[in-house]
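2 protein chains.
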Amino acid sequence: MIEPGDAAVEDRGTPTLEEVARVAGVSRSTVSRVINDLPGVSGRARESVNEAIRLLGYVPNEAARSLVTRRTNSIALVVSEPGDRVFSDPFFAGVLRGIHSGLAGSHRQLVLMLMAEDGNGNGNGEQLEKYLSSGHVDGALVVSMHGDDALPQRLAEGGLPVVVGGRPLSGTEVPYVDSDNFTGGLLAARHLVERGKRRIATIAGPADMAVGIDRLVGWRRGMSEAKLATDAVVHSDFSVEGGARAMAELLDRHPDVDAVFAAADIVAVGAVRELSARGKRIPDDVAVVGFDDSVLATSVTPQLTTVRQTVEEFGRTMTWRLLAQLAGEEYLPPSILLPTELVVRQSS
Amino acid sequence: MIEPGDAAVEDRGTPTLEEVARVAGVSRSTVSRVINDLPGVSGRARESVNEAIRLLGYVPNEAARSLVTRRTNSIALVVSEPGDRVFSDPFFAGVLRGIHSGLAGSHRQLVLMLMAEDGNGNGNGEQLEKYLSSGHVDGALVVSMHGDDALPQRLAEGGLPVVVGGRPLSGTEVPYVDSDNFTGGLLAARHLVERGKRRIATIAGPADMAVGIDRLVGWRRGMSEAKLATDAVVHSDFSVEGGARAMAELLDRHPDVDAVFAAADIVAVGAVRELSARGKRIPDDVAVVGFDDSVLATSVTPQLTTVRQTVEEFGRTMTWRLLAQLAGEEYLPPSILLPTELVVRQSS
DNA sequence: CACAATCTTGGGAGCGCTCCCAGATTGCGG
DNA sequence: CCGCAATCTGGGAGCGCTCCCAAGATTGTG
């Protein structure tokens, strides 16, 4: 029996593979095999190695390992937003939780990188790109790209496995994960039609983001199905104020509006506020449908009918896709759409 | 002049120090000196090395460097919350932004680690602790510890530089950064007294968090100064509903309350909602003061008088403290309190 | 019982870098 | 013109690990 205090065990700094080998009475190679769970080790050897590891509190030196394997066991999460907006967004919180849960058990670390501008228009994008493409991480998850930033494309071309969250605007080879925003918009429109509404407006998201476009297009499809006009459209950013402003504009331009599909719950909240301010009853005068099914949906009065997307699954799926690619799996889907579903509450 | 395409430059994979040396016509050592900005290199040598680096697109291999220097150039951000709550919290978003900005130019990466439980009560805390104390990161920032988790203490004892965000409940040697919550509470109380209020209540934060206790104690101090009673106290979690419930309880128990200091804006929002529901006018019947000066403060009606804490500075200060410690600076303050100030708006 | 096939094991080489030390070069006063 | 310090440069060793290959141990088979 080996005990701490044995001459063989005594030691100064962090234990190395070599010392584990000495204590276990085997060679470096054998210890390495045990650690990496490789075959070709007798039960006896395996046991004494594990015992020695426990005894010494040995933890492999990642740097040394990384140096030879050319893997870093870390992946980057690139967030290309000023930070404030993203991080206070419940959507992002859910995605992050999903990523974390998707990473559990994979023995990989998450390196967080914000793409920021320093106020002089100088971003850290170049530096970030260099870092990412230099083998510091095994892969990257990129979320909330606006417009058609070609960063993911360039990274992928540089040989780095990349998965994008949210459909990129410009067609690209880079795999992405997204909610089925089109179907979500479609469901919202159909639902409002079924409710007997005929003058259905929408407050769409930003016109330069796929998430805005896709939901709008889905809504249009639903309207066309019912042979209804699709002219009551206003774009807004994702904020309460934006939603309120957009609602006001809609009411001014189309006083006969009897329903509105807002591209996000937060926008719907603004719309509800404006409607209430104008004395419109919800849903009788104007029905409202949101998108996201975030906490907001159930914390306003009336509670929102909304299109649910499973944000946590979003993050988990991105992670899964990336890890699968890293593992060299074949026939992986280039992109993945996650289902959305309608949740009916009081506002419609 | 060296050109890409020269025989000396041609190459297969990622360039190494050695190749840069060859191209530049100097030795490994000289290149290393240039890269690490060490003295003792002639201008001529330095130039040709830089030229070669540019030419080859050389980026140092962090693993190799880390292996010998025993530094990783990365620090951990440990968040010990279920994730959802923290990440959707604007406070945390600001802190994260501050950390990021504090890290800018330091050439260090942020490794994000969530302390999560898997629903069976099994956390990843042990694994996380092992990882952190095994030299995978140079230091750690730990935020939102609840109660008196001894993780930071243990990490610090293990030799890892640690800075905690928010005063730990139990006394500890670990340096921390916090807002001056005591003074914040004091300012709020004094302000309400000055406004002529005499029956001033408080909705305090959780009794097991320093942030809750300190603000409460500050309020008590302010009340004592004015010789006012400090019995109208109710604790609440940081949520709108909690705030509303707490306000209801206060009104039931002390119908004569004419002012309330809420330990957070989000709680104040709940209080405002409850007050409005009961037909109380703000600030005439009951004045309200919040804490944080988050976006909430200005997005409710009436806009909140609140105690401002500079969240971004919070994160930046944590980072600074950690980096300074890593740099071996002496006479560093064990803990740092950031000033809070009163922002008067409509609710008081 | 000899020999092949299989399973285990150990040692060497080398990943790309930093750091130390010794050697080469230069400057300058005696 | 030499000596000695100051400046600059190069090579070796080694960080802790993985991976390859050869050698040893064990088992099976004619």
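Note that the protein sequences, when read in sequence, are chains Z and X. Heads up: the first sequence is residues 342 to 689, going by the numbering used here. Heads up: the second sequence is residues 342 to 689, going by the numbering used here. Yeah, the Cβ is synthetic: ideal placement off N, Cα and C, and Gly gets one too. Owing to the predicted nature of the structure, the values given are computational and were not obtained by experimental measurement.
Residue i: first and last residue of the uninterrupted alpha helix (DSSP H) it sits in
i: X/Q666; result: 652-667
i: Z/V558; result: 551-566
i: X/I394; result: 384-397
i: X/E682; result: Run containing X/E682: none in the alpha helix (DSSP H); it sits in the beta strand (DSSP E), 681-684.
i: X/D490; result: Run containing X/D490: none; DSSP gives neither H nor E here.
Close Cβ partners of residue i (< 8 angstroms) along its chain, the five nearest in sequence each way excluded
i: Z/R686; result: A638, T639, P643, Q644, L645, T646, T647
i: X/W661; result: G443
i: X/T658; result: G439, G443, V518, I677, L679
i: Z/T571; result: W560, R561, M564, S565
Straight-line Cα distance separating residue j from residue i
i: Z/L397; j: Z/V390; result: 11 angstroms
i: X/S368; j: X/A481; result: 37 angstroms
i: X/A530; j: X/L557; result: 10 angstroms
i: X/V484; j: X/Q650; result: 16 angstroms
i: X/L691; j: X/R540; result: Since the displayed chain X opens at 342 and closes at 689, residue 691 of chain X lies outside it and no answer follows.
i: Z/K621; j: Z/P596; result: 11 angstroms
i: X/R385; j: X/G446; result: 27 angstroms
i: X/G563; j: X/S580; result: 25 angstroms
i: Z/L358; j: Z/V375; result: 11 angstroms
i: Z/V372; j: Z/R387; result: 8 angstroms
i: X/L664; j: Z/G611; result: 43 angstroms
i: X/M550; j: X/P509; result: 8 angstroms
i: Z/S635; j: Z/F602; result: 16 angstroms
i: X/I607; j: X/L437; result: 20 angstroms
i: X/Y399; j: X/A668; result: 27 angstroms
i: Z/S565; j: Z/E670; result: 41 angstroms
i: Z/N522; j: Z/E654; result: 15 angstroms
i: X/E344; j: Z/A457; result: Here the model assigns X/E344 a pLDDT of 46, short of 50, so the residue's position is not dependable and the matter cannot be decided.
i: X/G354; j: Z/A497; result: 17 angstroms
i: Z/K538; j: X/K471; result: 59 angstroms
i: X/D633; j: Z/D633; result: 27 angstroms
i: X/P380; j: Z/S383; result: 53 angstroms
7 angstroms CB neighbourhood of residue i in its chain, flanking five on each side removed
i: X/I623; result: V613, L616, V629, P643, S688
i: Z/P547; result: G553, H576, D578
i: Z/L501; result: L473, S474, G480, A481
i: Z/Y672; result: none
i: Z/G583; result: S577, V608, G611
i: X/R449; result: N414, S415, I416
i: Z/V598; result: R540, A542, A573, L591, L592, V627
Contacts around residue i, its chain only, beta-carbon distance under 6 angstroms, and the 5 residues preceding and following it disregarded
i: X/E514; result: none
i: Z/A393; result: V361, V364, A365
i: X/V575; result: I544, A587, E590, L591
i: X/V652; result: F432, G435, V436
i: X/P356; result: L397, Y399
i: X/P493; result: V483, V503, V505, V515
i: Z/D555; result: N522, F523
Whether residue i touches residue j by CB criterion (9 angstroms)
i: X/T524; j: X/V478; result: no
i: Z/P516; j: Z/P675; result: yes
i: Z/A600; j: Z/L683; result: no
i: Z/I416; j: Z/G656; result: no
i: Z/E403; j: X/A585; result: no
i: X/L528; j: X/G507; result: no
i: Z/L725; j: Z/V503; result: What the structure shows of chain Z is the stretch from 342 to 689, and residue 725 of chain Z is not part of that stretch, so it cannot be assessed.
i: Z/L451; j: X/L453; result: yes
i: Z/G526; j: Z/R495; result: no
i: Z/A542; j: Z/A573; result: yes
i: X/G466; j: X/R411; result: no
i: X/L418; j: Z/L408; result: no
Range covered by the beta strand (DSSP E) that runs through residue i
i: X/M588; result: It is not in any beta strand (DSSP E) - X/M588 instead sits in the alpha helix (DSSP H) that spans 581-594.
i: X/G506; result: 503-506
i: X/H532; result: Here X/H532 belongs to no beta strand (DSSP E); instead the alpha helix (DSSP H) covers 522-535.
i: Z/H576; result: 574-576
i: Z/T543; result: 541-545
i: Z/I416; result: 415-420
i: X/Y631; result: Just to set this straight, residue 631 of chain X is Gly in the shown sequence, not Tyr. First-last of the beta strand (DSSP E) with X/G631: 628-633.
Residue i: CB within 8 angstroms of a non-hydrogen atom of the ligand MG
i: X/T642; result: Absence of the ligand MG is noted for the structure shown, with no ligands found whatsoever.
Residues of the segment 466-485 of chain X in Cβ contact with chain Z at a cutoff of 7 angstroms, in chain order, please. For the segment 466-485 of chain X, the beta-carbon criterion of a distance under 7 angstroms to any beta-carbon of chain Z is satisfied by K471, S475, G476, H477.
Which residues, in order along the segment 444-458 of chain X, keep a beta-carbon less than 8 angstroms from a beta-carbon of chain Z? Answer set for the segment 444-458 of chain X: A445, Q450, L451, V452, L453, M454, L455, A457.
According to a CB-to-CB cut-off of less than 7 angstroms, which residues of the segment 648-667 of chain X neighbour chain Z? For the segment 648-667 of chain X, no residue has a beta-carbon sitting nearer than 7 angstroms to a beta-carbon of chain Z.
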